[in-house]
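Trainee:
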Amino acid sequence: MTKNYITSPIYYVNDVPHIGHAYTTIVCDMLKKYQQIRGQEVFLLTGTDEHGQKIENSAKAHNQTPQAYADSISARFRTLWEEFDIDFDYFVRTTDSAHCHSAQVAFRNMLQKGDIYKGVYEGWYCISCESHFTKHQVVDQKCPDCGKPTTTIKEESYFFALSKYQDALLQWYDRCPDVIAPKHKRNEVIRFVESGLVDLSITRTGFSWGVPLPEGVESTDKSAPKHILYVWLDALVSYISAIGYENALRMDLWENTTHIVGKDILRFHAVYWPAFLMSLGLPLPRKIYAHGWWTRDGVKMSKSIGNVVDPKEVAKHYGIEAFRYFLLREVPFGQDGDFSQKALIERINSDLSNDIGNLLNRLIGMAQKYFNLTLFSTQIEHFYPQEVAKIAPILERFESAMSDMQPHIALEELWGLLRLGNSVISTYEPWKMMKQAKSEQTQALLMLVGNILIKVALCLYPIMPKTARAIASALGYSIDAPSFARYVSQNTFISSATLTPVPPLFPRIESPLMPDPSAPLDSQSSANTESRSESNPKSDSQPSVCASHASSQANAPKPKDSQSTPSLVGIEEFAKLDLRVGVVLECQRVPKSEKLLRFLIDLGEPTPRQILSGIAKYYDPSELVGKQVCVVANLKPVKLMGLVSAGMILSAHDDEGLSLLSVPKKAGSKIS
Ligand code: MSP
Numbered sequence: 024m025t026k027n028y029i030t031s032p033i034y035y036v037n038d039v040p041h042i043g044h045a046y047t048t049i050v051c052d053m054l055k056k057y058q059q060i061r062g063q064e065v066f067l068l069t070g071t072d073e074h075g076q077k078i079e080n081s082a083k084a085h086n087q088t089p090q091a092y093a094d095s096i097s098a099r100f101r102t103l104w105e106e107f108d109i110d111f112d113y114f115v116r117t118t119d120s121a122h123c124h125s126a127q128v129a130f131r132n133m134l135q136k137g138d139i140y141k142g143v144y145e146g147w148y149c150i151s152c153e154s155h156f157t158k159h160q161v162v163d164q165k166c167p168d169c170g171k172p173t174t175t176i177k178e179e180s181y182f183f184a185l186s187k188y189q190d191a192l193l194q195w196y197d198r199c200p201d202v203i204a205p206k207h208k209r210n211e212v213i214r215f216v217e218s219g220l221v222d223l224s225i226t227r228t229g230f231s232w233g234v235p236l237p238e239g240v241e242s243t244d245k246s247a248p249k250h251i252l253y254v255w256l257d258a259l260v261s262y263i264s265a266i267g268y269e270n271a272l273r274m275d276l277w278e279n280t281t282h283i284v285g286k287d288i289l290r291f292h293a294v295y296w297p298a299f300l301m302s303l304g305l306p307l308p309r310k311i312y313a314h315g316w317w318t319r320d321g322v323k324m325s326k327s328i329g330n331v332v333d334p335k336e337v338a339k340h341y342g343i344e345a346f347r348y349f350l351l352r353e354v355p356f357g358q359d360g361d362f363s364q365k366a367l368i369e370r371i372n373s374d375l376s377n378d379i380g381n382l383l384n385r386l387i388g389m390a391q392k393y394f395n396l397t398l399f400s401t402q403i404e405h406f407y408p409q410e411v412a413k414i415a416p417i418l419e420r421f422e423s424a425m426s427d428m429q430p431h432i433a434l435e436e437l438w439g440l441l442r443l444g445n446s447v448i449s450t451y452e453p454w455k456m457m458k459q460a461k462s463e464q465t466q467a468l469l470m471l472v473g474n475i476l477i478k479v480a481l482c483l484y485p486i487m488p489k490t491a492r493a494i495a496s497a498l499g500y501s502i503d504a505p506s507f508a509r510y511v512s513q514n515t516f517i518s519s520a521t522l523t524p525v526p527p528l529f530p531r532i533e534s535p536l537m538p539d540p541s542a543p544l545d546s547q548s549s550a551n552t553e554s555r556s557e558s559n560p561k562s563d564s565q566p567s568v569c570a571s572h573a574s575s576q577a578n579a580p581k582p583k584d585s586q587s588t589p590s591l592v593g594i595e596e597f598a599k600l601d602l603r604v605g606v607v608l609e610c611q612r613v614p615k616s617e618k619l620l621r622f623l624i625d626l627g628e629p630t631p632r633q634i635l636s637g638i639a640k641y642y643d644p645s646e647l648v649g650k651q652v653c654v655v656a657n658l659k660p661v662k663l664m665g666l667v668s669a670g671m672i673l674s675a676h677d678d679e680g681l682s683l684l685s686v687p688k689k690a691g692s693k694i695s
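According to the numbering used here, the sequence shown is numbered sequentially starting from 24.
1. Output the boundary residues of the alpha helix (DSSP H) element that contains histidine 405.
2. Can you tell which of Arg492, Val36, Leu68, Lys413 has the C-alpha that lies nearest to the C-alpha of isoleucine 78?
3. Which same chain residues end up closer than 6 Å to aspartate 287 when comparing Cβ atoms and leaving out the 5 residues on each side of it in sequence?
4. State the Cα-Cα distance for the pair asparagine 514 and alanine 480, rounded to the nearest angstrom.
5. What is the rounded straight-line gap between the Cα of valine 472 and the Cα of lysine 165?
6. Tell me the DSSP secondary structure of alanine 313 in three-state form.
7. Drop a sphere of 10 angstroms on the beta-carbon of glycine 142, count the other beta-carbons inside from all chains shown, and report buried for 16 or more, exposed for fewer.
8. Using a 10 Å radius around the Cβ and a threshold of 16 neighbouring Cβ atoms, would you call tyrosine 181 buried or exposed?
9. Let me confirm a value: threonine 102 is counted as buried when at least 16 other C-beta atoms fall within 10 Å, else exposed. Which label applies?
10. Which of the three DSSP states is assigned to threonine 490 in this structure?
11. Are three or more beta carbon pairs between the stretch 495-504 and the stretch 426-433 nearer than 8 Å?
12. What residues match up with lysine 323 in a beta bridge as DSSP calls it?
13. Closer than 8 Å by C-beta to phenylalanine 215: which residues in its own chain qualify, once you throw out the five before and the five after it? Chain order, please.
14. Looking at ligand 1, does it come within less than 8 Å of valine 234, judged from the CB to the closest heavy atom?
15. Pop quiz: tyrosine 348 and methionine 537 are said to be a contact at Cβ under 8 Å. What is the actual Cβ separation, rounded to whole angstroms?
16. Near valine 212, what residues of its chain come up, given a Cβ to Cβ distance below 8 Å and the 5 sequence neighbours on each side ignored?
17. Going along the chain, which residues of its own chain have a beta-carbon closer than 8 Å to the beta-carbon of leucine 236, five neighbours each way excluded?
18. For the pair the stretch 344-360 and the stretch 42-59, tell me if three or more CB-CB distances fall below 8 Å.
19. Among Glu178, Thr281, Gly691, which has the Cα closest to the Cα of asparagine 27?
20. Out of Leu256, His122, Tyr268, which one is the CA nearest neighbour of tryptophan 296?
21. Quick check on the DSSP output: what are the complete alpha helix (DSSP H) runs of length 4 or more inside the stretch 90-136, in order along the chain?
22. What is the DSSP secondary structure of histidine 155, reduced to helix, strand or coil?
23. Is histidine 314 near ligand 1, in the sense that its beta carbon is under 8 Å from a heavy atom of that ligand?
24. Under a three-way DSSP split, which group does glutamate 595 fall into?
25. Between which residues of its own chain and valine 254 is the CB-CB distance below 6 Å, once the five residues before and five after are set aside?
26. Roughly how many whole angstroms lie between the Cα atoms of valine 592 and aspartate 601?
27. Is tyrosine 268 a contact residue of ligand 1, with contact defined as CB to any heavy atom under 8 Å?
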């Protein structure tokens, strides 16, 4: 069986985890889960990078020893990953003695290979990036990567003969064109190497928080400067120290290595690291994926602005599953992304609450009503051949996007499947089929939807593991590799399901749940207003609507009787109405009332609304189940026949009778 090894960067312990760290680690976990569900064995490494000048300075600023400081922040990372259900197999710390020993062994091996020599480093250094720069690279004494001030250093140093590996690296990029992804990042790396590599300083002497050189290398002269390993050499070696470099390296894992990193540290992984590996005589990574950068509301996150997104806070307010979905869906892998509560809420309401949550609840509702929660059909394809034919190509595109590390495309594809599920219900209207005694067709239709949901759940597992399990178990199935092979890779269909009602998976969210930091970001209420105006084109389009309305009125014949002219309302008054699409979940006569029907209506809210409507003489309740109606959602609740009615269903009336207004849109869609 293929064994894969996935690594996240090991994170600096100078500060607590933020959304960027969470993103990288979630991407790693997603990849692990995807490979596992496809039947592969995977080992996931994460950990913390605890040495170096930056950590030493941070510890000092917190009045702690570097080790005590590293212990506390490292524990924060580890606990966070555990809370986020990150399925890591090993958590490496560069202060672990086994790791320190491996780093020394690696240094000695490179020395013995003749790749390390002693000299003097003179140049610029960015403590924040722990990175060296030449005079031509710094801009106004600032780091070209992070923009922070650099310091100049001149000190004795051991150098790694990086320049010796320039040609070998270029040949490797050429021979293995897919190793570095995305492509444009690979091209940047190639240009960097082609522009000429200089040997790399791999020891520091000005401070002491690091791995000392192996015994016997340093001069015995007490007055000679003491060297410690350059923090990046120390950190990169953690990828092999974690799987036994110093005794028995697990080559079965090492030969299938995927490194996932942010674009900020690609150079270290795609240039220095492979050169170190060549020096050590080890195979090079199979894949190095570089992702983009997360900003907040368009602004780079920084502690001084106070806009750093705390992943724990997001998860606390919105749930880990929705957060994972948002991070993986919102931004094409490799590009920069922006975090805003508004965008997160929109994703939750439209993609999760409406598209998945509603489909599952509609299926369960109808299965309960018509078939006592037990479905069976072997005639899905017979009755719905066109719909069935659409499924295989979607699954193929899903798998190909996941293999290309494009989770946002994979999710787009999966939502195509959910749309198919929702549309077969509105197209074939099972409630009508039941009235026409087409029980077999209805059962086949519900089984088609059940199949769609099983396939969606299996595919969704790497992205939203708990949601996937919840959907599968509501349908009486489980999430595992054999099911993935059967129902996704081979696209076979289940023919029976015993359903279990579940509470709504993703209740709608009406306004931001987290307090926003002050400065460059707008207040909560502004986020709220923006989201409203976007989902409801009233705001900007109003003037033109009014104008065209006015001119058409000017041309229209004058009403005969001015008394009958309805009084005009301003757009502001109209805008006070919250009109929504609702889907009828239940409908019954109100006992002892000739007029009233009692509806339970899904408005995309956490719980369905009860609304009473006086239309009993126009409709048989059973024909209304599943219908999409228009609802005044912000009407003051009233009590009728002892029952609360929270809203009004709109209808049109003429001499021939009454018809409910119906809009083929999802539950909760705003009508304006
Ligand atoms: N310790 C080094 C990595 C050594 S790996 C052998 C380091 N650590 S770090 O704490 O700064 O983490 C860097 C990684 O965190 C980035 O490469 C990226 O994966 C993630 N992110 C940190 N901030 C980020 C954003 N604002 N946006 C997206 N991810 C970023 O570098």
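Positions of the beta carbon are idealized from the N, C-alpha and C atoms, including for glycine.
Mentor: So, from the data block:
1. In the sequence shown, counting from the first residue as 1, residue 405 sits at position 382. Residues 403-406.
2. Within the sequence shown, residue 78 is the residue found at index 55, counting from 1. Nearest C-alpha to isoleucine 78: Val36.
3. To locate residue 287, count along the sequence shown from 1; it is residue 264. Answer for aspartate 287: no residue qualifies.
4. Walking along the sequence shown from the start, residue 514 turns up at place 491. Walking along the sequence shown from the start, residue 480 turns up at place 457. Cα-Cα distance, rounded: 13 Å.
5. In the sequence shown, counting from the first residue as 1, residue 472 sits at position 449. In the sequence shown, counting from the first residue as 1, residue 165 sits at position 142. Between valine 472 and lysine 165, the C-alpha separation is close to 58 Å.
6. To locate residue 313, count along the sequence shown from 1; it is residue 290. Note: alanine 313 maps to strand in three-state DSSP.
7. Here residue 142 refers to the residue found at position 119 when the sequence shown is read from its first residue. Per the 10 Å Cβ criterion, exposed.
8. The sequence position of residue 181 within the sequence shown is 158, counting from 1. It counts as buried.
9. For the purposes of this step, residue 102 is taken as the residue at position 79 of the sequence shown. That one is exposed.
10. As a working note, residue 490 is residue 467 in the sequence shown. Threonine 490: helix per DSSP, three-state reduction.
11. no
12. Taking the first residue of the sequence shown as 1, we reach residue 323 at position 300. DSSP lists Thr318 as partners of lysine 323.
13. Looking up residue 215 in the sequence shown gives position 192. Same-chain partners within the cutoff: Arg290, Val294.
14. For the purposes of this step, residue 234 is taken as residue 211 along the sequence shown, with counting starting at 1. No, the Cβ of valine 234 stays beyond 8 Å of every heavy atom of ligand 1.
15. Here residue 348 is taken as the residue at index 325 of the sequence shown, counted from 1. Here residue 537 is taken as the residue at index 514 of the sequence shown, counted from 1. Not quite, the Cβ-Cβ distance comes to about 17 Å (not below 8 Å), so this is no contact.
16. Position 189 of the sequence shown, counted from the first residue, corresponds to residue 212. Here valine 212 has Tyr196, Ile203, Leu289, Arg290, Ala293, Val294 as same chain residues with Cβ atoms under 8 Å from its own Cβ, once five neighbours each way along the sequence are excluded.
17. Taking the sequence shown and counting its residues from 1, the one referred to as residue 236 is at position 213. Hits under 8 Å: Gln127, Phe130, Tyr181, Thr226, His250, Ile251, Leu252.
18. Yes, the stretch 344-360 touches the stretch 42-59.
19. For the purposes of this step, residue 27 is taken as the residue at position 4 of the sequence shown. Cα-wise, what sits closest to asparagine 27 is Thr281.
20. Here residue 296 refers to the residue found at position 273 when the sequence shown is read from its first residue. Of Leu256, His122, Tyr268, the smallest CA-CA separation from tryptophan 296 is found for Leu256.
21. 120-135
22. The sequence position of residue 155 within the sequence shown is 132, counting from 1. In the three-state reduction of the DSSP assignment, histidine 155 falls in the strand class, which pools E and B.
23. As a working mapping, residue 314 is identified with position 291 in the sequence shown. True, at least one ligand heavy atom lies under 8 Å from that Cβ.
24. As a working mapping, residue 595 is identified with position 572 in the sequence shown. Note: glutamate 595 maps to helix in three-state DSSP.
25. Translated into the one-based positions of the sequence shown, residue 254 becomes position 231. Excluding sequence neighbours, valine 254 sits near His74, Gly75, Glu153.
26. Against the sequence shown, residue 592 aligns to sequence position 569. Against the sequence shown, residue 601 aligns to sequence position 578. Cα to Cα, valine 592 sits roughly 15 Å from aspartate 601.
27. Counted from its first residue, the sequence shown places residue 268 at position 245. No, Cβ of tyrosine 268 sits at least 8 Å from all heavy atoms of ligand 1.
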